[in-house]
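In the numbering used here, the protein residues as written are 35 to 156.
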């Protein structure tokens, strides 16, 4: 497991294997805001260890996201799709879920109630 830390945000990256597939679990804890979103977008390779693009996002402890942070999340989805891989949201904070619903992400990407449920879908 690796960690990326900012004053208002911590990101934990965990790599797991399921049925000969590698899956990266990205856990966002805190806030994605103007202070950290730019840096997150600048080098996305840290989010895909060993070129593992199958991704589960853990947004259960994400307390705040602004428009720049949403642009970052959309960039993550796009990056995964460019590599013909799968991305989903494993768990989401109810406050953030409303914003994600406004983006209409759930029509294209699945949102699960737990990380374990998301892993089963891979």
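Glycine is no exception: its CB is placed at the ideal position from the N, C-alpha and C atoms.
Just so we're clear, the structure is a prediction, and the values are computed from it rather than from any experiment.
Status (buried if at least 16 other CB within 10 Å, exposed otherwise) for residue i
i          : result
residue 61 : buried
residue 51 : exposed
residue 92 : buried
residue 54 : exposed
residue 96 : buried
Between the CA atoms of residue j and residue i - distance to the nearest angstrom
i           : j           : result
residue 106 : residue 126 : 16 Å
residue 49  : residue 149 : 13 Å
residue 152 : residue 146 : 6 Å
residue 116 : residue 131 : 25 Å
residue 79  : residue 68  : 20 Å
residue 46  : residue 156 : 20 Å
residue 35  : residue 109 : 22 Å
8 Å contact criterion, which residue i and residue j should meet: CB distance rounded
i           : j           : result
residue 83  : residue 42  : In fact, because the Cβ distance is near 23 Å, the residues do not count as touching under 8 Å.
residue 104 : residue 137 : 7 Å
residue 99  : residue 133 : 6 Å
DSSP state of residue i mapped onto helix, strand, coil
i           : result
residue 151 : helix
residue 120 : coil
residue 78  : helix
residue 42  : coil
residue 60  : strand
residue 129 : helix
residue 65  : strand
Three CB pairs or more closer than 8 Å across the segment 82-98 and the segment 111-125: The answer is yes - the segment 111-125 touches the segment 82-98, with three or more Cβ pairs under 8 Å.
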